[in-house]
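S.K.: Numbering (the working numbering), first residue to last: 23 to 412.
Note that CB positions come from ideal geometry on N, CA and C, so glycine has one too.
Below: one structure in structure tokens.
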Ligand SMILES: Cc1ncc(COP(=O)(O)O)c(C=O)c1O
């Protein structure tokens, strides 16, 4: 019997009891004063977490909805855009822009690698008609974090608009929206925000507003201008995701108590601990180590456990040891598994996960030194903090 399963998927993520209790509050009128206060708290908390004074808009939708809102508000038919594709969510951004009539220049790298800022520089230099770069910060399908600080410098130098899918990074990995000059940053409640899926949050810069006023793609539900006017009055156009907003408000309070630098450092430590565990188990990371993600670790299944055998392993972890991890996406289905470690995950949780990883692998005949993964994790989490700060 597993009384409390370990949810180690890279979204949805575990919800702290405090957040759960906040979401159980009685319903309120979304055109009344309590909602006005709730919206103000959520928006100001998000501005703190996004490190921005830009407008932040919230919509009842998943992260893809936030991405779609960017396409609908920023693009016009035949607009030329650049999408660095380093995994499944980069593909999604490219497909989405195409669906809105853009001419998409796809810059792809093998899955497991990050985009090279120099390549982006060269493409933008060669293609002055590209107006917009749509980039994934943290590619959840491969466990790779793009070097967004450098990419943003390049994009700014070329004077193009920068739109960032920060769905699995903002609030967990440092993304200082204002100092990096990110025009649009998008995230969703079920990731580092420790809340259920259903709320997308989008920051919009002055330059993005100027573009929004000229862009002609069709928009309705996600019309940013209408959302801004409504939010200025303390309301939203449609019925908002009230309970999730109760949860996000509480989660933001917890995040303020922990502080952003501590949160980012915790995620780096958890990721380093999982990478050490993977090595101790004789397994291989998908990501190049220097760009491995602080929020999700993608691991090749052992040769003998790929395909259906991998599905059986995931079932053993889930049913016998209460550990829920994610499988691979796209061409990596059956080849990798992914461990999510974002949001409400502690160092002690990683010890428990390493123990369950060992137990399932042992049951399926994978050979390694018993206790090696747990020892590797403990070695990392007991190390002085300073060794892990980037
Ligand atoms: C990097 C990234 N982008 C976009 C999405 C899509 O978000 P959603 O599933 O909330 O629509 C996800 C979800 O996992 C993601 O991790």
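1) Measuring only the C-alpha atoms, how far is residue 133 from residue 108?
2) Classify residue 175 as helix, strand or coil using the three-state DSSP reduction.
3) Pull up the CB-CB distance for residue 72 and residue 208, whole angstroms please, since I reckon it's below 8 angstroms.
4) Below 8 angstroms, is the gap between the Cβ of residue 160 and the nearest heavy atom of ligand 2?
5) Does the separation of the CB atoms of residue 194 and residue 184 fall below 9 angstroms?
6) DSSP beta-bridge partners for residue 82?
7) Indicate, with yes or no, if ligand 1 has a heavy atom lying under 8 angstroms from the CB of residue 368.
8) Would you mind working out which of 124, 77 and 217 sits nearest residue 366, comparing C-alpha positions?
9) With distance defined between alpha-carbon atoms, name the residue in 159, 83, 77 and 69 nearest to residue 112.
10) Here's the rule: buried if 16 or more other CB atoms are within 10 angstroms of the residue's CB, otherwise exposed. What is residue 370?
11) Please determine if the region 381 to 399 and the region 280 to 300 are in contact, where contact requires at least 3 C-beta pairs separated by less than 8 angstroms.
12) What's the gap between the Cα of residue 275 and the Cα of residue 61?
13) Flag this pair as touching only if the region 89 to 109 and the region 132 to 151 have three or more C-beta atom pairs under 8 angstroms; answer yes or no.
14) In whole angstroms, what separates the C-alpha of residue 372 from that of residue 350?
15) Ignoring anything shorter than 4 residues, give me the alpha helix (DSSP H) runs that lie fully in the region 96 to 121, in order along the chain.
16) Can we count residue 26 as close to ligand 1, meaning its CB is less than 8 angstroms from some heavy atom?
17) Can you tell me whether residue 72 is helix, strand or coil according to DSSP?
18) Report yes if the CB atom of residue 413 is closer than 9 angstroms to the CB atom of residue 258, and no otherwise.
19) Determine whether the beta carbon atoms of residue 221 and residue 285 lie at a separation below 9 angstroms.
20) Give the DSSP-derived three-state secondary structure of residue 401 in the structure shown.
21) Using only CA atoms, which one of 70, 100 and 329 lies nearest to residue 154?
22) Mind checking residue 363: buried by the 16 CB within 10 Å criterion, or exposed?
23) Go ahead and pull the three-state DSSP assignment for residue 359.
M.R.: If we stick to the structure as given:
1) 6 angstroms
2) helix
3) Actually they are not in contact, since the Cβ atoms of residue 72 and residue 208 sit about 10 angstroms apart, beyond 8 angstroms.
4) This structure simply doesn't include ligand 2; it includes ligand 1 instead.
5) no
6) 221
7) no
8) 217
9) 159
10) exposed
11) yes
12) 14 angstroms
13) yes
14) 21 angstroms
15) 110 to 121
16) no
17) helix
18) Residue coverage of the chain in this structure runs from 23 to 412, which leaves residue 413 outside it and unanswerable.
19) no
20) helix
21) 100
22) buried
23) strand
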